[in-house]
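Colleague: To start, I am sharing the structure in question, which I have written as structure tokens.
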Amino acid sequence: MATVTDPMMAPHDALDRTKNSYPINLSWNDVSYSITTYKKSTKSYETKQILTTITGQALAGQMVAIMGPTGSGKTSLLNVLAMRCPIVKGGDLTGSFKVNGEVAKEKAFARLTSYVMQDDAMFAALTVKETLMTAAHFQLSSKLSDKEKEDYVDSIIAELGLNKCRDTIIGDAKIRGVSGGERKRCNIGVELIKNPSCLFLDEPTSGLDSFQAQSVMGALKTLASNGRTVVASIHQPRSSIYAMFDQLLLLSEGKLIYTGNAHDAVKHFSDKGQECPALFNPADFFLDVVSPDYRTADLEKESLGRIKMLSDSWAKSSMNVVEDIELATKNAEHNKTLKNANLGFQSSWFRQFQLCFLRSFITTKRNKVATYGKVIASIFFGLLLGALYSETKYDQKSIQDRVGILFFFTINQTFSNMFAVLNSFTGDKVVVERERASNSYHISAFYSAKFCAEIPFNFVGPILFGTIVFWIVGLGEGDFWNFCVFLVLLTQIGFCAIALGMAIAATAPDVEAATAFGPIVVVLMILFGGFYINIESLPVWLRWVQYLSLMRFAFEGLCVNEMKDLVFSCDDIEEGGACVETGQDVLNRLSFSMSVGEIMLWLLVFMGVVHVIAYNILERKKRSYQAFNGASAKKLKKVNGKVN
1 MATVTDPMMA PHDALDRTKN SYPINLSWND VSYSITTYKK STKSYETKQI
51 LTTITGQALA GQMVAIMGPT GSGKTSLLNV LAMRCPIVKG GDLTGSFKVN
101 GEVAKEKAFA RLTSYVMQDD AMFAALTVKE TLMTAAHFQL SSKLSDKEKE
151 DYVDSIIAEL GLNKCRDTII GDAKIRGVSG GERKRCNIGV ELIKNPSCLF
201 LDEPTSGLDS FQAQSVMGAL KTLASNGRTV VASIHQPRSS IYAMFDQLLL
251 LSEGKLIYTG NAHDAVKHFS DKGQECPALF NPADFFLDVV SPDYRTADLE
301 KESLGRIKML SDSWAKSSMN VVEDIELATK NAEHNKTLKN ANLGFQSSWF
351 RQFQLCFLRS FITTKRNKVA TYGKVIASIF FGLLLGALYS ETKYDQKSIQ
401 DRVGILFFFT INQTFSNMFA VLNSFTGDKV VVERERASNS YHISAFYSAK
451 FCAEIPFNFV GPILFGTIVF WIVGLGEGDF WNFCVFLVLL TQIGFCAIAL
501 GMAIAATAPD VEAATAFGPI VVVLMILFGG FYINIESLPV WLRWVQYLSL
551 MRFAFEGLCV NEMKDLVFSC DDIEEGGACV ETGQDVLNRL SFSMSVGEIM
601 LWLLVFMGVV HVIAYNILER KKRSYQAFNG ASAKKLKKVN GKVN
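Going by the UniProt record's numbering, the residue at position 533 of the sequence shown is 533; the numbering climbs one at a time, nothing skipped.
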């Protein structure tokens, strides 16, 4: 028997990359999936059956199509077979699923399979080559040289027909990049990096024109012909694409209508009285036959009756039996490969950090509008604000001016840094979710790298802004030490705001939710910031909220640094008016009593606590997948409207 090696080390001869030495044969029997929810309106439990006793197989070297009308359960079945069915409350997955004749183990199976999502989750600012090289560094063994990895990536680029656009950025709705078909093929290429034995794809032709769809499916057919198992959900393929599939699994209303040789399906339907017209696309015909028609009550009754007849007929058919063909003994060596698959990370934590940092840095750097826009805006508003406050003196009127400009600094630093991260970090999470599912890196490496990569681009602008205003206005009595402390405080405020933005982005499900929740947080911090209302004037039961406000202590730090040694003249005081003679009097009126050192320490603690919270939120958001509960469908018994 040949020695079994780690599959991650197998594909490194670029000239021989398409060969698959570890074939995977899948078989599943009586797979059912349902979700039970409690309805308050009826005060009872209701069960929605997503899949009902689905049986089938997918063999190495074959391309399998999962077809059916919208809502038939295609994606749900694909997720089940890829062992990526998300855990939901009330979810129940039953049946058996075997890999090479043995019960599948999630982690080992995931290492030898790849899942191409319907949405192309990639960084828009990276080129095709950079995207694939980054994936190669994450997925391939660290024992390989960079040259070997590059040769390997070049072979994938050639195989998928991406040579023409290898140095073109991926792009998105806002940035022009590669075409839709090229983007889809690049997405497939990312999943091919680890040389998977089995490839799952959710609607790989979605959003593509007929030529692009043909090109993508042609590439997948080549992969299957080289020994891989390819399983794809697909809605309505053209006839030339349908002809590429070896096996068809047809669903309707979550029930199995047909599974078997794709080219025998027309005859099967003909035997059931459903004749496919000559020169008619079989895929279109199948969907017409198995789609419910809700236009009228009569059409609905007729279509649902036809679907039930076809489903019941298949369930009773002797064809609906998957023979094990002794896969366990026939593929004993490959079973050993499954058991010995390397389940750990392919690179060290520091290497993961380095790759994530470089990717985030390059992505932000290439957004020139945002990067240069921040610098230009900082200089412009710095000069504008400097001009507005250039006549600031040391009289009584200047007290309000100084306090106002310091609170403006607090708001500006918090707002600009937090929202810059909100947009980028929330968008990154889609890619991170895919890469975590592929075990590319530890989430701590990504999180740390993302924070560090944000610092340079959110640091320069505020420092320029602060420097211009400080010297033009004459803050801190023009003292250089006060200026240094001022910049340190601005930097700390910026770091805290970045951490806060990452925490909000980690919590929010998408960019829209993050940008909606962000302003609420900012407004609350402003209200408890100590400028609009004195902290001592707050109701006792609300004073604790100040400790959650970044602006409260950021504002105090800037005020203490500015005011502690100032002396104000009383020449402009009207007769009988009170005079505030020193900066300390101003601090007392604002109820500020901490030293600059204490505030800097508090800001460090605040940043650390927020980072811990944000990291834990992100860590806990890693998807967990539903496990099979048993070998046969679980029957739900309802008593008095409740499930027992």
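Where a beta carbon is used, it is the ideal one built from N, C-alpha and C, also for glycine.
Bear in mind that the values here come from a model prediction, so they are computed numbers and not experimental data.
Report the partner residues of Thr259 according to the DSSP bridge assignment.
Modeller: DSSP output for Thr259 lists Leu249 as bridge partner(s).
Colleague: Cα-Cα, which of Asp428, Ile463, Glu150 is closest to Ala514?
Modeller: For the residues Asp428, Ile463, Glu150, the minimum Cα distance to Ala514 belongs to Asp428.
Colleague: Would you kindly work out how many angstroms separate the C-alpha atoms of Val421 and Glu102, rounded to a whole number?
Modeller: Roughly 46 Å between the two C-alpha positions.
Colleague: Buried or exposed: Asp202, going by 16 or more other Cβ atoms within 10 Å of its Cβ?
Modeller: By the 10 Å Cβ count, Asp202 comes out buried.
Colleague: Could you give the distance in angstroms between the alpha-carbon of Cys579 and the alpha-carbon of Phe606?
Modeller: Rounded to whole angstroms, Cys579 to Phe606 spans 36 Å at the Cα level.
Colleague: How long is the line joining the alpha carbons of Ala265 and Glu512, rounded to whole angstroms?
Modeller: Distance between the alpha carbons of Ala265 and Glu512 is about 45 Å.
Colleague: Cutting at 6 Å between CB atoms, please list the residues of its own chain near Phe245, excluding the five before and the five after it.
Modeller: These residues qualify, in order along the chain: Met63, Ala65, Ala262.
Colleague: Suppose you measure from the CA of Glu433 to the CA of Lys301; what does that come to, to the nearest Å?
Modeller: Looking at the two C-alpha atoms, the distance is approximately 42 Å.
Colleague: Can the beta-carbon of Met67 be found closer than 8 Å to that of Phe286?
Modeller: Their beta carbons are under 8 Å apart, which means Met67 touches Phe286 by this criterion.
Colleague: Mind checking whether Ser347 and Ser142 have CB atoms under 8 Å apart?
Modeller: Cβ distance < 8 Å, so Ser347 and Ser142 count as in contact.
Colleague: What residues in its chain sit with their C-beta under 6 Å from that of Ile175, if we drop five residues either side in the sequence?
Modeller: The answer, listed in chain order, is Ala124.
Colleague: Name, in chain order, the residues that DSSP records as bridge partners for Phe200.
Modeller: In the DSSP output, where bridge partners are listed per residue, Phe200 has Tyr115, Val231.
Colleague: Taking C-alpha atoms, which residue in Tyr38, Val31, Ala60 lies nearest to Ile50?
Modeller: Ranking the options by Cα distance to Ile50, first place goes to Val31.
Colleague: Is DSSP giving Lys39 helix, strand or coil here?
Modeller: Note: Lys39 maps to strand in three-state DSSP.
Colleague: Consult DSSP for Gln57 and reduce its assignment to one of helix, strand or coil.
Modeller: In this structure, Gln57 counts as strand in the three-state DSSP scheme.
Colleague: Measure the C-alpha to C-alpha separation of Thr414 and Val460 and round it to an integer number of angstroms.
Modeller: Each residue's Cα considered, the two are about 14 Å apart.
Colleague: When the distance is taken between beta carbons, is Ile234 closer than 8 Å to Trp314?
Modeller: No; because the gap between Cβ atoms is not below 8 Å, this pair is not in contact.
Colleague: On a CA-only basis, which of Arg185, Phe446, Arg402, Thr410 is nearest Asp119? Give me that one, please.
Modeller: Looking at the Cα atoms, Arg185 is the closest of the given residues.
Colleague: Quick one: grab the DSSP three-state call for Gln346.
Modeller: Note: Gln346 maps to coil in three-state DSSP.
Colleague: Note down the Cα distance separating Ser591 from Asn458, rounded to an integer number of angstroms.
Modeller: Whole-angstrom Cα-Cα distance: 31 Å.
Colleague: Enumerate in chain order the residues of its own chain whose CB-to-CB distance from Thr426 is below 7 Å, with the five nearest sequence positions on each side excluded.
Modeller: Correct list, in chain order: Ala505, Ala508, Asp510, Val511, Ala514.
Colleague: Under a three-way DSSP split, which group does Asp92 fall into?
Modeller: Correct three-state label for Asp92: strand.
Colleague: Please name the residue in Asn534, Glu191, Leu406, Phe109 whose C-alpha comes closest to that of Glu562.
Modeller: Answer by Cα proximity: Leu406.
Colleague: Any contact of the region 612-620 with the region 436-450, i.e. 3+ C-beta pairs under 8 Å?
Modeller: Taking 8 Å as the limit for Cβ pairs, the verdict is that the region 436-450 does touch the region 612-620.
Colleague: Lys40 and Glu46: beta carbons closer than 8 Å?
Modeller: No, these two residues do not count as a Cβ contact at 8 Å.
Colleague: Give me whichever residues DSSP pairs with Glu46 in a beta bridge.
Modeller: Its beta-bridge partners are Thr37.
Colleague: Leaving out five residues on either side along the sequence, give the residues of the same chain with a beta carbon under 8 Å from the beta carbon of Trp602.
Modeller: Phe553, Met594, listed in sequence order.
Colleague: Suppose the cutoff is 8 Å on Cβ atoms and the five residues either side in sequence are ignored; what does the same chain contact list for Gly181 look like?
Modeller: Correct list, in chain order: Leu208, Asp209, Phe211, Gln212, Ala213, Ser215, Val216.
Colleague: Buried or exposed: Asp450, going by 16 or more other Cβ atoms within 10 Å of its Cβ?
Modeller: The amino acid occupying residue 450 in the given sequence is Lys; Asp does not appear at that position. Buried.
Colleague: So, helix, strand or coil for Leu208, using DSSP?
Modeller: Coil, per DSSP.
Colleague: Take Lys48 as the anchor and find which of Thr42, Gly56, Thr37 has the nearest alpha-carbon.
Modeller: The candidate whose alpha carbon is nearest that of Lys48 is Thr37.
Colleague: Secondary structure at Ile169, three-state DSSP: helix, strand or coil?
Modeller: The answer is strand: DSSP assigns Ile169 an E or B state.
Colleague: Report the three-state DSSP secondary structure of Asn29 (helix, strand or coil).
Modeller: In this structure, Asn29 counts as strand in the three-state DSSP scheme.
Colleague: How long is the line joining the alpha carbons of Gly227 and Leu249, rounded to whole angstroms?
Modeller: One C-alpha to the other measures close to 20 Å.
Colleague: Which residue's Cα is closest to the Cα of residue 677: Ser240, Gly404, Tyr152?
Modeller: Residue 677 lies beyond the range of the chain shown here (1 to 644); nothing can be said about it.
Colleague: Is Trp28 closer than 8 Å to Gly61 when the C-beta atoms are compared?
Modeller: For Gly61 and Trp28, no; Cβs fall outside 8 Å.
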